[in-house]
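Per the working numbering, residue 1 is the first one in the sequence shown, and the count goes up by one each step. This report refers to the structure that appears directly beneath it.
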Amino acid sequence: MKLSRLQQQMQFLKEIDKLKSIYRQNYLSDGSRRENDSEHSWHLAMMVIILSEHFEGIDTLKTLKMVLIHDLVEIYAGDTFAYDEKANLDKELREKIAAQKIFSLLPPEQAAEFTGLWEEFERMDSTEALCAASVDRIQPLTLNICSKGKMWHEHRVTVEKVLKRNKLVLDRAPEVISEYVRETIAEAAENKCFYSELPNEEVAPINESL
């Protein structure tokens, strides 16, 4: 039996509840447990509401949709740890397949809209996508610093790796945002939040590492 429009929408809404069971590598700010994907998406949405004023000409509603939609693919593809090089090799393919599967539950025009927004985020070729991708990097950076680098130390994540991960923000985000991130990483390095092979070594100035 063909599902009605509302039945399709409700089927999708029930399915995405599974996002609450997908756990990330990052810890909550107090370090008590790992963050799940739904918490991550909520936090990104709040960051967009608060920080979108720094992105000239941005469509805030469109950006909110992007950050709330983007990680739904992880219901099927799983969370891919940003610093796991092997897992990232097939990430794009796994997530494309997952996007098709999850968005196909919706009525056709909504499925097309969600797919388009998800793909635009991936391309990062619009102001909205840049904002979405920026907060997607700033949020875990913030949590990791609040938890004193707990995850970074567990996974041997160095300051150089974090700088590389945040290169998009440092190079393309509005200056007020990029400078904040630069200063935040520098302060975290001084406080030894990052993993180092030589715990007592001097950390090079952040500007010299870029």
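By construction, the Cβ of each residue, glycine as well, lies at the ideal position given by its N, Cα and C atoms.
Between residue 107 and residue 9 a beta carbon distance of about 7 angstroms is seen, short of the 8 angstroms cut, so the two are scored as contacting. Per DSSP, the unbroken alpha helix (DSSP H) holding residue 88 starts and ends at 85–88.
Pairwise C-beta distances place the segment 154–162 out of contact with the segment 111–125, as fewer than three of them are shorter than 8 angstroms. Residue range 23–27 is occupied by the beta strand (DSSP E) that includes residue 23. Check the Cα spacing between residue 16 and each of 143, 110, 120, 105: the tightest is with 105. Remark: C-beta atoms of residue 98 and residue 67 do not approach each other more closely than 7 angstroms.
Per DSSP, reduced to three states, the secondary structure at residue 5 is helical. Annotation for residue 34: the continuous beta strand (DSSP E) segment containing it runs 34–36. The three-state reading of DSSP puts residue 108 in helix, counting H, G and I together.
Judged by their CB atoms, residue 132 and residue 60 are not nearer to each other than the 7 angstroms cut-off. Excluding five sequence positions before and after residue 143, the CB atoms of its chain that fall closer than 6 angstroms to its own CB belong to 26, 29, given in chain order. With at least 16 other beta carbons inside 10 angstroms of its own, residue 134 counts as buried. The beta carbon of residue 195 sits closer than 7 angstroms to the beta carbons of 152, 153, 156, 157, 158 from its chain, once the five residues preceding and following it are set aside; these are given in chain order. Residues of the same chain with a CB within less than 8 angstroms of the CB of residue 18, apart from the 5 flanking positions on each side, are 75 in chain order.
In the DSSP assignment, residue 75 falls within the unbroken alpha helix (DSSP H) covering 74–77.
Here residue 47 is buried, its C-beta having at least 16 other C-beta atoms within 10 Å.
With fewer than 16 neighbouring CB atoms inside 10 Å of its own CB, residue 53 falls in the exposed class.
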